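These notes concern the structure reproduced below.
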Amino acid sequence: MSELPTGIVTVLFSDIAGSTRLLQALGDHYGELLEDHRRLLRAAFVAHDGVEVNTEGDSFFVAFGKAGDAVEAAVDAQRALASFPWPERAVVSVRMGLHTGTPNLVEGNYWGLDIHRAARISSAAHGGQILVSEETRNHAGDRGRSNFDYWDLGRHHLKDLAEPEHLFQIIGDGLESSFPPIQSLETPSNLPALVSSFVGRVQELQEVGALLRRDDVRLVTLIGPGGTGKSRLSIQVADGLLGEFSDGVFMVNLAPVDDDALVAATIAQTLGVRERGDDPILEDIKRHLGQRHMLLLLDNFEHLLGAASIVTELLAAAPQLKVLATTRSALRLSGEHEYQVPPLPVPSGDVDLATASSFDAVALFVQRAKAVRPDFELTAEDVSTVVEVCSRLDGLPLALELAAARTKLLPLPALSARLDRHLQLLTGGGSDRPERQQTLRATIDWSYTLLGEDEQRLFRRFSTFMGGCTLDAAEVVLDGDGSGSMDVFDGLTSLVDKSLLAQAPGTAVETRLRMLRTVRDFAFEKLVETGEADARRLRHARYFCDLAEAAEAELNGDHENDWLLRLDAEYANMRAALAWLLEGSDPAAEEHAVLAMRLAGALGRFWYRRSRLVEGSDWLGAAVAKDPGGFLRERAKALNMLGVLLEERSQQQRAVELFNEALSIYRELGDDRRIAGSLNSIGVAISALGDFDQGRAYLEESLAIKERLGDSEGVATTLGNLAVLAMEQGELDLSEELFGRSIDLSQKIDDRWGVVIGKSNLAVVSLEQGDAGRARALATEALPGFQELGDLDGVAECLETFAAITVAEGHPALAGRLAGAATSLRDEIDSRKRPVDQQWLDGYLARGKDQLPEGEYENAVAAGRALSPEAASKLALSS
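Going by our numbering, the sequence shown runs without a break in its numbering and finishes at 1463.
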């Protein structure tokens, strides 16, 4: 064995990815494969002066005196592995990681942090991938650059390493280039998991990534016609930057949004920002972003250019924010860096198999064809036909994918012939429309003409949905009237196979489908042309109205969170239904107006739970204004929910007016249950205006009716409201009694929400009564309940109660940490305490601060702000 190098050393680690599966597949023959693998790697390592430090199983640990030798050895080894005739069922994919440093050499072995860094870099790689550290890249210089290059993957946090690693992937001829994201530690992100590999775009990835890394660049827009792959490129760029934004990378899908006014709300929903008071939601987003170091990906902005100024406002308010947007036309904003996304390169003229395969357009077509026909192989005889297809489709990724999907049924010559007949520019597209966009429309039209009549009908009708839908929704909305002979499920499956629909993220028990926006726009035009649009949108509105009403009934039960998530997933459809129902002024469209009131009224509790108070009250106000008259029950419900949302926005006087109108209607209808509900709402609102006696009178009248009706849930709610009123008036014994009755009743009817909230409030009463021990016991029961219900506002409230309790118990530093954690959580979810509650908490915290030496309380608060909600809750419960 050669002598191990010292000083500056480049270390290479490698192993076979999926070796266990290979062993199971090959059995006794695995040993032969392992020996071939070792022989190939050793030949490459020895040829470049590599010295084996250790070899165990399928792994290698090799040292090199020169970084350039190490990189060339890795490249040669991967090429040898790729070209070797492995046995059938065997795919030998070796991952490699290289790092250059000055490890310590003791008794024939290396040790030190540099060795651990090399090992972690190797662990982050995928089979067939070579990852190198920035140090190796710099020490290797330009050696070997004629036949390979470095692809900058950005900085990534790796396991057990304190600082992020700047990593590069080796790319070049004979080396695999398409891999999933490297296996680094998770950075906060909602980037979608992509089910197909990313093909080509190496130059674009490097250039856009380099732009976003520049200190003087805050806004980059990827511009190009529909179908060029802007969204996919943006996701891949964002993924490569995950490790470089400490507060995360978040994608906002604007495709389902049809109104400029809803852009800010959609961004808020993605970031988890809640409305606060009467401020526009944009102001809440600005406060949320603040000093966060974040990348915001705004996808599909082209149809919302009237809202582009929002981007300028966010960048001005958040100095560490960067924005990457995809659009068909520039946003026309100051500081915008436009990046034109070109089509994929296409060969020109007669080329051989090897040359054609090196072009991204051909590579994408072949890969997508293999997805629908696993036996598809590009041969020398087929090269000219595939190149012709790619050329006619102008290298547009979406067009290539649609065409490749046809290879499932059509041989390549037939595919080319159909393109010859059908791929023509659509008339009436407008001379100002970019040529490639017209070509894409023609490609979609060509795919449409290949569908059978029933498939075309389903394709058109699916465009009714915004943001996709479940299979259940599709089966109701797309057919349901008996037209057509094709089963909806079978038809949708066929459209998925033809790449006109895609499967979207769903759940283990629910499949969700979506349509690309470009395709949906085309399909909806066809729906309008056939005169089906209004009838189908009415079915759509009816379905989602029924769904919203079903969800409303579950929003106080055990499955509340599941239903909230379902409404989140369908919210784009709900918005689309409301917008359509409320458009126009035809007085004959009576059903539209009634459905609008029903749908908005059913969504009221959802808007309340999700703190979308402004948007919700706007929809409800529009629905009430559209009321044609004569539908008293629907109007009263909408009025009542509008009042609830306005009350939360501190518009109590207007809320009281609405509640009173609803009450009058319910009295006219003789609906005692809803009379009691309105009385309860009026009592809470009037009390907030300071009229405690009148508020109590309304609440007591409501309670009497609910008790007579046997409405246990309503009784528990009103008892809780009376208890809060008594607590605010200093009637602690009465408040304790009322909360106790409310909790007992909630337990009997299995209303977990009522139990948790009641115990949380009763803890405050107990503390005010001087019983800190009982207060702690109640808060200890309430906090896990809020965690299970996913109520972060409740978690923050409980942490603050614990902070007050710990002050009373003589632990002011702990109180500061808990208060700091609660403040951090409230900042995260944009939640604030009511002024009267904040004043109560501040009194306790001021006492705690006075008990500590100067500066210690502030230090405790700062330490608490760094705690996660889970860690803070654990601290509170164990203190």
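Think of the CB as a built atom: it goes at the ideal place given N, C-alpha and C, for glycine as much as any other residue. No experiment lies behind these values; they were computed from the predicted model shown.
Residue closest to residue 594, alpha-carbon to alpha-carbon, out of 797, 872, 720, 612: 720
Residue interval of the alpha helix (DSSP H) (run including residue 1082): It is not in any alpha helix (DSSP H) - residue 1082 carries neither H nor E in the DSSP assignment.
Run of the beta strand (DSSP E) containing residue 693, from where it starts to where it stops: 693-695
With 16 other Cβ atoms within 10 Å as the buried cut-off, status of residue 875: exposed
Segments assigned alpha helix (DSSP H), at least 4 residues, entirely inside the region 1370-1453: 1376-1392, 1396-1413, 1419-1434, 1440-1449
Meets three-Cβ-pair contact criterion under 8 Å: the region 844-859 and the region 788-797: no
Supposed contact pair residue 1344 and residue 1381 - C-beta distance, whole angstroms, cut 8 Å: 6 Å
Limits of the unbroken beta strand (DSSP E) element including residue 902: Where residue 902 is concerned, there is no enclosing beta strand (DSSP E), given that its DSSP letter is neither H nor E.
Coarse secondary structure for residue 735, derived from DSSP in three states: strand
Assigned exposure category for residue 1073 - 16 Cβ within 10 Å defines buried: exposed
Check whether residue 833 and residue 775 have beta carbons under 8 Å apart: yes
Beta strand (DSSP E) segment containing residue 597, residue limits: 593-601
As assigned by DSSP and simplified to three states, the class of residue 990: helix
Residue 908 versus residue 620: straight-line alpha-carbon distance, rounded: 46 Å
Extent of the continuous beta strand (DSSP E) to which residue 976 belongs: It is not in any beta strand (DSSP E) - residue 976 instead sits in the alpha helix (DSSP H) that spans 967-976.
CB contact flag (residue 825, residue 882, <8 Å): no
Local conformation of residue 829 per DSSP, three classes: coil
Contacting residues, own chain, Cβ-Cβ under 7 Å from residue 1035 (five flanking each side not counted): 1043
C-alpha distance - residue 623 paired with residue 1371, whole-angstrom precision: 56 Å
Minimum C-alpha distance to residue 749 - residue among 592, 1041, 849, 704: 704
Helix, strand or coil at residue 604 according to DSSP, with G and I counted as helix: helix
DSSP-derived helix/strand/coil call for residue 1234: coil
Alpha-carbon to alpha-carbon, residue 1307 and residue 1137: 25 Å
Any 3 or more C-beta pairs closer than 8 Å across the region 920-928 and the region 960-970: no
DSSP state of residue 559 mapped onto helix, strand, coil: Residue 559 falls outside the range modelled here, since the chain spans only 585 to 1463, and no answer is possible.
Cα-Cα separation, residue 1303 to residue 1291: 11 Å
Beta-carbon spacing of residue 1403, residue 1439 below 8 Å: no
Residue 638, DSSP secondary structure in three states: strand
Neighbourhood of residue 943 by C-beta, 7 Å cutoff - its chain only, sequence neighbours within 5 removed: 929, 930, 931
Cα-Cα separation between residue 1282 and residue 1298, rounded to whole angstroms: 14 Å
Cβ-based burial, residue 668 [other Cβ within 10 Å; buried from 16]: exposed
Residue 695 classed as buried or exposed, judged by whether at least 16 other C-beta atoms fall within 10 angstroms: exposed
Same chain only: Cβ atoms within 6 Å of residue 865, ignoring 5 sequence neighbours per side: 848, 849, 852, 859
Option nearest residue 977 by Cα separation, candidates 997, 993, 946: 946
Residue 790, enclosing beta strand (DSSP E) - first and last residue: Residue 790 -> not in any beta strand (DSSP E); alpha helix (DSSP H) instead, spanning 786-797.
Contacting residues, own chain, Cβ-Cβ under 6 Å from residue 598 (five flanking each side not counted): 644, 678, 680
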